[in-house]
Structure formats: C-alpha cells, structure tokens
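**Q** Sharing a structure here in structure tokens format.
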Amino acid sequence: MKPSLLLLHGAIGASFQLQPLAESLKAHYDIHMLDFPGHGGTPLPDQPFSIALFADATLQYIRQHRLEDLTIFGYSMGGYVALYLAKQHPGLIGRIITLGTKFHWDEPTAVKETKMLNPEVILQKVPAFADNLARLHAPRDWKQVLLQTSEMMLSMGRDNPLKADDYKDITTPTLIMLGDRDKMVSIEETVNAYKGINGAQMAVLPGTPHPIEQVNISLLTYFLQPVTTYTPA
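Under this note's numbering, the first residue of the sequence shown is numbered 58, with each subsequent residue one higher.
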C-alpha cells in the first residue's frame with residue numbers, strides 16, 4: 058500500500074494550485090488534497106478564518122479518510138497549519154515538509170502583509186490576479202476570502218499561534234524549505250523555525266520565488282519522495 062500524502066495550499070489559495078505536484082507524485086503516494094474552509098469554492102465558515110480553524114479542518118479530513126503513514130506537504134500557510142496541528146496532536150503525522158512558510162508574525166509584519174490583500178487595489182493594479190482569484194474561489198466571493206485572510210493575519214500579528222517556545226514540542230520529523238528568491242519569507246525566520254524543531258532538516262531551493270506557480274515541480278518532487286527511514290542527525 059502506498060503511503061499517504063496530503064497537500065495543503067497557502068493563504069488565499071486553493072488545492073487546484075497543487076495539482077501539478079499531485080500529478081508528479083501520484084506514482085509514489087496515495088494523494089489527498091484539501092481546500093481550507095472558505096477556499097477553493099467551499100462555503101465560507103460561520104467563524105473567522107484562523108490557523109486553529111484550518112488545522113481542525115485538516116484533522117477532520119485525516120480522520121475521515123483514515124490516513125496512515127502520512128506525509129503532509131504544506132505550502133506557505135499550509136505549512137504553518139501542518140506544524141500547528143503536529144504540536145496539538147503528536148504522533149498524528151508521520152512527516153511534515155513545508156515550503157515558503159512565514160513563521161514570524163508581529164503587528165508590523167501583519168500590517169505589511171495585509172496591505173497586499175486589498176481587493177480594490179488588486180482589481181485596479183493587477184486585474185489578471187483578480188481574475189485568477191475569482192476562478193480559484195468560484196462560486197464564492199474572492200474579495201471575502203481576502204478580507205477574512207487579512208483579519209486572520211492581523212490576529213496572528215497580535216498573538217502568533219506558534220510561538221518560538223512551541224517548536225520544541227513538535228516531535229514530527231520535519232523538513233523546512235525556502236526558495237532563495239522568496240521575497241515574502243526571510244531566511245532568518247526559516248532558520249529559527251528549523252533550529253527550534255528537534256531533529257528538523259532544512260533545504261534552500263535554488264532559483265525559487267514564493268509563488269507556487271513559479272516553483273520547479275521536478276525539484277520539489279525530488280524532496281517530497283517517500284523515505285523508508287528517517288533518522289534525524
């Protein structure tokens with residue numbers, strides 16, 4: 058039986074964006090893809106967006122589908138959700154791989170990030186991006202996805218769900234990855250998370266920016282292949 062791989066998308070994204078990666082890895086894994094509540098056309102939840110909400114949705118999916126021998130790949134916010142879930146439920150996940158996950162959150166950081174999520178500015182300055190968001194989240198209103206994501210980020214800025222001291226409680230074997238061209242996530246915050254998780258590994262992907270659509274799928278596939286054993290140094 059193939060091991061399971063659950064792919065988690067990033068903020069304001071959808072599982073559809075990870076379809077090329079799923080195709081590349083389907084020979085190695087039983088692939089699962091999840092849209093967080095309010096994303097990818099799923100109904101907007103009654104409660105505000107939060108890491109806890111998305112982690113709970115992931116937990117319910119894992120239990121519903123009885124996923125075992127499980128690797129989670131989390132892109133950007135998806136990686137944050139995976140690590141948060143691993144802290145809350147030790148032993149649930151066999152391995153976590155993250156790419157481009159933003160770990161450092163404080164109020165100035167949150168304000169900076171939310172400035173890029175103004176729907177009216179996006180419509181005016183990057184209409185092609187607005188069209189893409191509309192397609193990703195149809196039939197839901199993509200503007201609501203952005204507004205609720207902004208509120209979530211501001212909340213994270215006030216109280217980061219994963220604090221520096223929390224990483225030592227994550228026992229899941231973890232590989233933290235960052236693209237060397239990522240303009241959203243710093244090498245410093247990535248190294249701090251890597252050092253905080255006992256036995257974690259880290260990789261920097263060459264020629265790799267933040268947007269998942271611009272990541273070399275062949276390179277990413279190499280790092281996501283199943284491992285028969287995992288022995289932290």
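For each residue, glycine too, the CB sits at the ideal point set by N, CA and C.
Following the continuous beta strand (DSSP E) through Tyr132, name the residue where it begins and the one where it ends.
**A** The count along the sequence shown starts at 1 and reaches residue 132 at position 75. Segment 127 to 132, the beta strand (DSSP E) holding Tyr132.
**Q** Just to confirm before moving on: does the CB-CB distance between Lys144 and Asp226 stay below 8 Å?
**A** For the purposes of this step, residue 144 is taken as the residue at position 87 of the sequence shown. For the purposes of this step, residue 226 is taken as the residue at position 169 of the sequence shown. A contact, by the Cβ cut-off of 8 Å.
**Q** Is DSSP giving Gly135 helix, strand or coil here?
**A** On the sequence shown, position 78 is the one that residue 135 refers to. It is helical.
**Q** So, for Leu116: in the same chain, excluding its five sequence neighbours on each side, which residues have a beta-carbon less than 7 Å away from its beta-carbon?
**A** Counted from its first residue, the sequence shown places residue 116 at position 59. Same-chain partners within the cutoff: Leu142, His146.
**Q** Would you kindly work out how many angstroms separate the C-alpha atoms of Asn273 and Thr265, rounded to a whole number?
**A** As a position in the sequence shown, residue 273 is number 216, starting the count at 1. As a position in the sequence shown, residue 265 is number 208, starting the count at 1. Going by the C-alpha atoms only, they are around 7 Å apart.
**Q** Could you give the first and the last residue of the continuous beta strand (DSSP E) run that contains Ala260?
**A** To locate residue 260, count along the sequence shown from 1; it is residue 203. Unbroken beta strand (DSSP E) run through Ala260: 258 to 262.
**Q** State the CB to CB distance for the pair Ser133 and Ser212, rounded to an integer number of angstroms; the pair is presumed to be in contact (CB under 8 Å).
**A** Numbered from its first residue, the sequence shown carries residue 133 at position 76. Numbered from its first residue, the sequence shown carries residue 212 at position 155. At roughly 17 Å, the Cβ-Cβ gap does not stay under 8 Å, so Ser133 and Ser212 are not in contact.
**Q** Just checking: is the beta-carbon of Thr265 within a distance shorter than 8 Å of some beta-carbon in chain D?
**A** Structure shown: chain D not included; a single protein chain is present.
**Q** Per DSSP, which one or two residues make a beta bridge with Arg152?
**A** For the purposes of this step, residue 152 is taken as residue 95 along the sequence shown, with counting starting at 1. Paired residues: Thr128.
**Q** Does Asp87 come out as helix, strand or coil in the three-state DSSP assignment?
**A** Within the sequence shown, residue 87 is the residue found at index 30, counting from 1. Asp87: strand per DSSP, three-state reduction.
**Q** I need the straight-line Cα distance from Pro218 to Leu235, nearest angstrom please.
**A** As a working mapping, residue 218 is identified with position 161 in the sequence shown. As a working mapping, residue 235 is identified with position 178 in the sequence shown. Their backbone Cα atoms lie some 21 Å apart in a straight line.
**Q** How big is the Cα-Cα spacing for Asp237 and Ile244?
**A** For this step, residue 237 is matched to residue 180 along the sequence shown. For this step, residue 244 is matched to residue 187 along the sequence shown. Computed Cα separation, rounded: 8 Å.
**Q** According to DSSP, is Gly95 part of a helix, a strand, or is it coil?
**A** Position 38 of the sequence shown, counting from 1, holds the residue named residue 95. Three-state result, Gly95: coil.
**Q** Cβ of Thr278 within 8 Å of Cβ of Leu62?
**A** Here residue 278 refers to the residue found at position 221 when the sequence shown is read from its first residue. Here residue 62 refers to the residue found at position 5 when the sequence shown is read from its first residue. Not a contact, by the Cβ cut-off of 8 Å.
**Q** Report yes if the CB atom of Val284 is closer than 8 Å to the CB atom of Thr158, and no otherwise.
**A** As a working note, residue 284 is residue 227 in the sequence shown. As a working note, residue 158 is residue 101 in the sequence shown. In this structure, Thr158 does not lie closer than 8 Å to Val284 by Cβ.
**Q** List the residues that DSSP assigns as beta-bridge partners of Ile233.
**A** Residue mapping note: residue 233 aligns to position 176 of the sequence shown, counting from 1. In the DSSP output, where bridge partners are listed per residue, Ile233 has Thr155, Met259.
**Q** One question on the structure: do Pro94 and Leu110 come within less than 8 Å of each other, judged by their Cβ atoms?
**A** Sequence index remark: in the sequence shown, residue 94 carries index 37 (1-based). Sequence index remark: in the sequence shown, residue 110 carries index 53 (1-based). Result yes, Cβ atoms of Pro94 and Leu110 sit closer than 8 Å.
**Q** Find the nearest neighbour of Thr231 within the set Met210, Leu127, His96, Ile69, judged by alpha-carbon distance.
**A** Here residue 231 refers to the residue found at position 174 of the sequence shown. For Thr231, the nearest C-alpha among the options comes from Leu127.
**Q** Under the three-state reduction of DSSP, which class applies to Ser243: helix, strand or coil?
**A** Along the sequence shown, one-based indexing puts residue 243 at 186. The answer is coil: DSSP assigns Ser243 none of H, G, I, E or B.
**Q** So, is Gly253 buried or exposed, given that buried needs 16 or more other C-beta atoms within 10 angstroms?
**A** Within the sequence shown, numbered from 1, the residue matching residue 253 stands at position 196. So Gly253 counts as buried.
**Q** Here's the rule I'm using: 16 or more other beta-carbon atoms within 10 Å means buried, otherwise exposed. How should Ala71 be labelled?
**A** For the purposes of this step, residue 71 is identified with residue 14 of the sequence shown, where counting begins at 1. Result: buried.
**Q** With H, G and I counted as helix, E and B as strand and the rest as coil, what does DSSP make of Leu219?
**A** Here residue 219 refers to the residue found at position 162 of the sequence shown. Leu219 falls in the coil class under three-state DSSP.
**Q** Look at the Cβ atom of Ala47, then the Cβ atom of Thr155, and state whether they are nearer than 8 Å.
**A** No information on residue 47 is available, as it lies outside the stretch 58 to 290 that the chain covers here.
**Q** Which of the three DSSP states, helix, strand or coil, is assigned to Ser81?
**A** As a position in the sequence shown, residue 81 is number 24, starting the count at 1. Of the three classes helix, strand and coil, the one that applies to Ser81 here is helix, per DSSP.
**Q** Check Ser207 in the structure and name its three-state DSSP category.
**A** Locating residue 207 in the sequence shown gives position 150, counting from the first residue. If DSSP states are grouped into helix, strand and coil, Ser207 belongs with the helices.
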